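In the numbering used here, the protein residues as written are 6 to 196.
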């Protein structure tokens with residue numbers, strides 16, 4: 006269950022049955038790669054809207070995450086209009102953009118994501134908790150599903166397939182970040 010008491014997308018849509026090992030070693034096939042590319046854009050407006058949707062979902066569904074972003078939340082109710090929020094929204098989608106660009110080089114993508122996970126250990130002092138990874142995963146799934154469902158160029162079958170592939174890619178991204186985070190956290194706690 007999410008912190009709001011409702012089922013999170015990963016609990017309710019069947020994607021939680023992906024084993025950690027299968028997702029960590031996932032290699033998309035040609036059709037999956039093409040679907041991801043067909044549903045992605047490096048257009049600024051696309052990236053900003055997706056990033057804003059992801060962070061809005063996170064902040065609204067897990068208010069505890071706000072403590073990680075004091076520069077955003079110092080703006081009170083106008084946080085969505087702040088330049089700090091815009092900057093953070095774009096940071097996360099840059100990671101997704103990197104993932105899209107490396108679909109044919111998954112061996113390069115996993116160490117990149119692992120490093121991002123390691124970087125988040127420094128936020129543990131600010132209140133980052135391992136369960137926040139699930140908030141990011143839920144936010145990605147919801148936001149990407151909404152984006153795909155608005156895509157007029159896809160058939161209904163392609164939308165279903167694209168949502169499935171993006172869900173898998175979201176799990177891949179977060180799983181590798183979690184791995185980096187957990188490994189470095191264990192090392193720092195044992196020192």
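Cβ coordinates follow ideal geometry from the N, Cα and C atoms, glycine included.
Keep in mind it's a predicted model, so treat the numbers as computed, not measured.
C-alpha gap between residue i and residue j, whole angstroms
{"i": "residue 106", "j": "residue 128", "result": "27 angstroms"}
{"i": "residue 116", "j": "residue 81", "result": "36 angstroms"}
{"i": "residue 60", "j": "residue 90", "result": "8 angstroms"}
{"i": "residue 87", "j": "residue 109", "result": "36 angstroms"}
DSSP-derived helix/strand/coil call for residue i
{"i": "residue 9", "result": "Low per-residue confidence applies at residue 9: pLDDT is 39, beneath 50, and the placement is therefore not dependable, though the value from the model is reported in the following sentence. DSSP places residue 9 in coil when its eight states are reduced to three."}
{"i": "residue 67", "result": "coil"}
{"i": "residue 100", "result": "helix"}
{"i": "residue 15", "result": "Residue placement at residue 15 is poorly supported in this model, since its pLDDT is 39, which falls under 50; the coordinates still yield a value, given next. Three-state DSSP puts residue 15 in a helix."}
{"i": "residue 80", "result": "coil"}
{"i": "residue 93", "result": "helix"}
{"i": "residue 52", "result": "helix"}
{"i": "residue 135", "result": "coil"}
{"i": "residue 57", "result": "helix"}
Best match in the options for proximity to residue i [C-alpha to C-alpha]
{"i": "residue 67", "options": "192, 183, 180 and 136", "result": "136"}
{"i": "residue 144", "options": "125, 167 and 94", "result": "94"}
{"i": "residue 193", "options": "152, 156, 173 and 125", "result": "125"}
{"i": "residue 52", "options": "183, 70 and 100", "result": "100"}
{"i": "residue 31", "options": "188, 185, 83 and 171", "result": "171"}
{"i": "residue 190", "options": "48, 152, 97 and 122", "result": "122"}
{"i": "residue 158", "options": "174, 97 and 45", "result": "45"}
First and last residue of the uninterrupted alpha helix (DSSP H) at residue i
{"i": "residue 72", "result": "Note, residue 72: premise wrong, no alpha helix (DSSP H); not H, not E."}
{"i": "residue 108", "result": "Here residue 108 belongs to no alpha helix (DSSP H), and DSSP marks it neither H nor E."}
Pairing CB atoms from the region 36-50 with CB atoms from the region 73-87, are three or more of them under 8 angstroms?
-> no
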